[in-house]
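The structure appears right after this line, and notes come after that.
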Amino acid sequence: MAGVKDTMVNTTPTTLSSGYDLKVYGLDNGQFLYIHIPALTCITISFVCAVLILVDSFRLQTFRSFFTWTKSERFVVYLAVCDGLFNIAHSMDHLHILITRDHVYPVELCKFYGFMLAEFITAQNLMVNIVAINAFVLIYYRKNICFGRYDWKLLLWTYGAPFVGATIAGIADQLGPNGAFCYFDGVKGEITNVFFTTVPLLLVLVVNIVLYVFTWYRIHTEAKRLKNVIGKEATTVRASHKVARTMSLFVTAFFAQWWAMALYGVWQLSADIPQALFQFVTTFSNVGGILNGFVYVIIRRRKMKGYYEKEKTKESKSKLDSGNGPSIDRTLDTVDLDSKV
Numbered sequence: 001m002a003g004v005k006d007t008m009v010n011t012t013p014t015t016l017s018s019g020y021d022l023k024v025y026g027l028d029n030g031q032f033l034y035i036h037i038p039a040l041t042c043i044t045i046s047f048v049c050a051v052l053i054l055v056d057s058f059r060l061q062t063f064r065s066f067f068t069w070t071k072s073e074r075f076v077v078y079l080a081v082c083d084g085l086f087n088i089a090h091s092m093d094h095l096h097i098l099i100t101r102d103h104v105y106p107v108e109l110c111k112f113y114g115f116m117l118a119e120f121i122t123a124q125n126l127m128v129n130i131v132a133i134n135a136f137v138l139i140y141y142r143k144n145i146c147f148g149r150y151d152w153k154l155l156l157w158t159y160g161a162p163f164v165g166a167t168i169a170g171i172a173d174q175l176g177p178n179g180a181f182c183y184f185d186g187v188k189g190e191i192t193n194v195f196f197t198t199v200p201l202l203l204v205l206v207v208n209i210v211l212y213v214f215t216w217y218r219i220h221t222e223a224k225r226l227k228n229v230i231g232k233e234a235t236t237v238r239a240s241h242k243v244a245r246t247m248s249l250f251v252t253a254f255f256a257q258w259w260a261m262a263l264y265g266v267w268q269l270s271a272d273i274p275q276a277l278f279q280f281v282t283t284f285s286n287v288g289g290i291l292n293g294f295v296y297v298i299i300r301r302r303k304m305k306g307y308y309e310k311e312k313t314k315e316s317k318s319k320l321d322s323g324n325g326p327s328i329d330r331t332l333d334t335v336d337l338d339s340k341v
């Protein structure tokens, strides 16, 4: 999460050498419990949701068949893993600070917590960005982005790139306390935090919103054009619309989770952070598992109600009327209705 500026924590007049020289945020203004209690509450509920998603996903489908699941179903699992590990690490540092009313010691433990946050916050950013790009390419080019065998391309990018970046930050001594929790050091890591968190998060948010708007505009215009049309092309397009709508749920949830942190990152560059905005950050940034849970429920309900099978029914009926036509399964596979790659 974004670092807390030294102007927010009423630092001492002595020269600051690290985040440990900052006062623990909230102790001197009565906001300490209002920061950590809501944060821990959101983190706990989010973690429970992430666990329930994983348990229910593998209860309904086997682990061995995981890479034959639809992309949306696999995305839910990957994001649940991100949320769960993020929640574990972030709950530990919040709980440590709440109990001791001091920074996390030893410094190596705080750096570990900071590393975990940097890894999984960034991984989630990259993952949802890939989802937005996938939906856009599907709608505009009718192409399926291949993630490679066992999704190795997707996983290498979304988990590998943040791991390398967080490792470099750790070696360069940029991780540590920021006054409220462990992430990038509030003194030594301020600049690194801007380029590792604020800039990428803003970039991903803007790109996702632009892709989201273009995707939904194309869906809206094509849906009107094909409202009463039956046939191969119409079936393919409608199927792609349904897949894209499902993937867009992840983009919506991502915006709901990270808008406050993006605003926080920009605001802190030029002015002190209002207490209300800081509260929004510690609340919304910790509800990823809850939002992902909503997405999971919607996907599961749509699948149970045959949301993705209706186009097969329409096309099959059309084929019976005409007496010929291509396989609907082949048609829908083209638009990644049940993509396994």
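Its first residue numbered 1, the sequence shown is counted upward by one per residue in the UniProt record's numbering. Think of the CB as a built atom: it goes at the ideal place given N, C-alpha and C, for glycine as much as any other residue.
Residues sharing a beta bridge with residue i, DSSP
i, result
"Gly-177", "Here residue 177 is Pro; the residue named in the question, Gly, does not match the sequence. DSSP output for Pro-177 lists Cys-182 as bridge partner(s)."
Which of helix, strand or coil DSSP assigns to residue i
i, result
"Asp-83", "helix"
"Asp-28", "coil"
"Leu-22", "coil"
"Pro-13", "Unreliable placement is indicated for Pro-13, whose pLDDT of 48 sits below 50; no coordinate value is reported for it."
"Trp-259", "helix"
"Trp-69", "coil"
"Thr-62", "coil"
"Ser-285", "coil"
Residue span of the alpha helix (DSSP H) that contains residue i, given as start and end
i, result
"Ala-271", "Run containing Ala-271: none; DSSP gives neither H nor E here."
"Arg-301", "288 to 304"
"His-103", "Counting along the chain, His-103 falls outside any alpha helix (DSSP H), and DSSP gives it neither H nor E."
"Lys-188", "Segment: none, Lys-188 is in no alpha helix (DSSP H) and carries neither H nor E."
"Arg-225", "199 to 225"
Contacts around residue i, its chain only, beta-carbon distance under 7 angstroms, and the 5 residues preceding and following it disregarded
i, result
"Thr-192", "Ala-169, Gln-174, Phe-184"
"Leu-154", "Ile-130, Phe-147"
"Arg-218", "Ile-139, Tyr-140"
"Asp-102", "Val-24"
Neighbourhood of residue i by C-beta, 8 angstroms cutoff - its chain only, sequence neighbours within 5 removed
i, result
"Phe-284", "Ala-256, Gln-257, Trp-258, Trp-259, Ala-260, Met-261"
"Val-194", "Gly-265, Leu-269"
"Leu-40", "Ser-91, His-94, Leu-95, Leu-98"
6 angstroms Cβ shell around residue i - same chain, five flanking residues per side excluded
i, result
"Thr-158", "Ala-123, Leu-126, Met-127"
"Asn-87", "Ile-43, Ser-46, Phe-47"
"Arg-300", "none"
"Trp-152", "none"
Whole runs of the alpha helix (DSSP H) within the stretch 111 to 172, excluding any shorter than 4 residues: 152 to 155, 161 to 171
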